[in-house]
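Asker: First to last, the sequence lines map onto chains F and P.
Going by this note's numbering, the residue at position 113 of the first sequence is 454; the numbering climbs one at a time, nothing skipped.
Going by this note's numbering, the residue at position 87 of the second sequence is 89; the numbering climbs one at a time, nothing skipped.
Can you read through this structure? Questions will come right after.
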Amino acid sequence: NAGVTQTPKFQVLKTGQSMTLQCAQDMNHEYMSWYRQDPGMGLRLIHYSVGAGITDQGEVPNGYNVSRSTTEDFPLRLLSAAPSQTSVYFCATATGLWGGNTIYFGEGSWLTVV
Amino acid sequence: GQQLNQSPQSMFIQEGEDVSMNCTSSSIFNTWLWYKQDPGEGPVLLIALYKAGELTSNGRLTAQFGITRKDSFLNISASIPSDVGIYFCAGANTGANSKLTFGKGITLSVRP
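Rendered as structure tokens:
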């Protein structure tokens with residue numbers, strides 16, 4: 342997990358609150374992405390970015406916003422938290438979209454929405 | 003969309019045993035990947051496969067890219083307690099719009 346830093350590690354939100362999960366990388370990777378992990382569901386792609394200023398939707402984008410103003414940072418914003426967004430969130434970086442041997446995951450952010 | 007199937011959801015083996023995990027897809031992938039996730043951690047890449055029929059080893063782990071490009075398997079030999087974790091397969095294709103698709107994972111438990 343070296344080089345990919347996620348904050349916070351744990352967060353409890355009330356329904357309707359907004360918050361931002363931070364992801365920072367120091368590997369100069371162009372590709373950054375956010376996944377959520379739910380029991381029995383594996384890892385599902387929320388949003389991804391192929392470079393600064395470029396973002397796109399993944400499999401489950403609803404309720405989340407992202408921006409990529411710099412190569413290093415890719416924050417994930419929850420606009421109005423819902424209990425269905427209780428999950429573990431992983432940020433990942435890579436040198437390319439499908440470069441399997443260059444994908445690095447952060448340590449995860451555990452989010453609970455009550 | 004593309005889906006990867008991993009089953010069963012959980013596996014229980016005795017320390018020292020070998021275990022095999024399979025991953026199948028309804029569509030073709032050009033790249034197959036296997037990840038392991040330890041409790042409280044992010045997934046870590048174990049093996050990457052880039053060619054149909056390719057067989058690659060990483061210590062006690064061996065993975066193969068199926069000839070049809072629709073499946074892959076991972077073998078763990080002589081299991082040890084630290085093999086406990088969730089094992090994910092993932093597939094990807096080349097191209098500007100390609101994404102990495104993950105299976106739902108198999109939770110492996112190793113009894114000492």
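Note that the Cβ used here is the ideal one computed from N, Cα and C, for glycine as well.
Computed from a prediction, not measured in an experiment: that's the story for all the values here.
#1: Does the beta carbon of PHE90/P come closer than 8 angstroms to any beta carbon on chain F?
#2: Output yes or no for whether 8 angstroms exceeds the beta carbon distance between GLY404/F and LYS101/P.
#3: Find out if the Cβ-Cβ distance for the pair GLN352/F, MET360/F is shorter than 8 angstroms.
#4: How should GLN426/F be labelled, buried or exposed, when 16 other C-beta atoms within 10 angstroms of its C-beta is the threshold for buried?
#5: Leaving out five residues on either side along the sequence, give the residues of the same chain with a beta carbon under 7 angstroms from the beta carbon of GLY381/F.
#6: Mind checking THR434/F: buried by the 16 CB within 10 Å criterion, or exposed?
#7: Taking GLY44/P as the query, report the chain B residues whose CB atoms sit under 7 angstroms from its CB, ordered along the chain.
#8: Per the DSSP calculation, HIS388/F is bridged to which residue(s)?
#9: Is ASP73/P helix, strand or coil by DSSP?
#10: Which residues in the same chain have their Cβ closer than 7 angstroms to the Cβ of ILE78/P, if we skip the five residues on either side of it in sequence?
#11: For GLU383/F versus GLY44/P, is the C-beta spacing smaller than 8 angstroms?
#12: Quick test of your reading: SER421/F and ALA393/F, contact by CB under 8 angstroms. State the CB separation rounded to the nearest angstrom.
#13: How should TYR372/F be labelled, buried or exposed, when 16 other C-beta atoms within 10 angstroms of its C-beta is the threshold for buried?
#14: Classify VAL455/F: buried if its beta carbon has 16 or more other beta carbons within 10 angstroms, exposed otherwise.
#15: Starting from TYR430/F, follow the beta strand (DSSP E) in both directions and report where the run begins and ends.
#16: Hey, is LEU384/F's beta-carbon within less than 8 angstroms of any beta-carbon in chain P?
#17: If contact means a Cβ-Cβ distance below 9 angstroms, which residues of the stretch 364-381 of chain F contact chain P?
#18: Give me, in chain order, the residues of the same chain whose beta-carbon lies closer than 7 angstroms to that of SER74/P; leave out the 5 immediate sequence neighbours on both sides.
#19: Scan the stretch 395-424 of chain F for residues whose Cβ lies nearer than 8 angstroms to a Cβ of chain P and list them as they occur along the chain.
Answerer: The structure says:
#1: yes
#2: no
#3: yes
#4: buried
#5: none
#6: buried
#7: Although the question refers to chain B, the structure presented lacks it and instead comprises the protein chains F and P.
#8: TRP375/F, GLN398/F
#9: strand
#10: ASP20, VAL21, ARG62, LEU63, ASP85
#11: Per the sequence shown, the amino acid found at residue 383/F is Gly instead of Glu. Against a cut-off of 8 angstroms, the Cβ pair of GLY44/P and GLY383/F comes out as no contact.
#12: Actually they are not in contact, since the Cβ atoms of SER421/F and ALA393/F sit about 27 angstroms apart, beyond 8 angstroms.
#13: buried
#14: exposed
#15: 428-435
#16: yes
#17: SER374, TYR376, GLN378, GLY381
#18: CYS25, TRP34, LEU51, ALA65, GLN66, PHE67, GLY68, CYS91
#19: GLY399, GLU400
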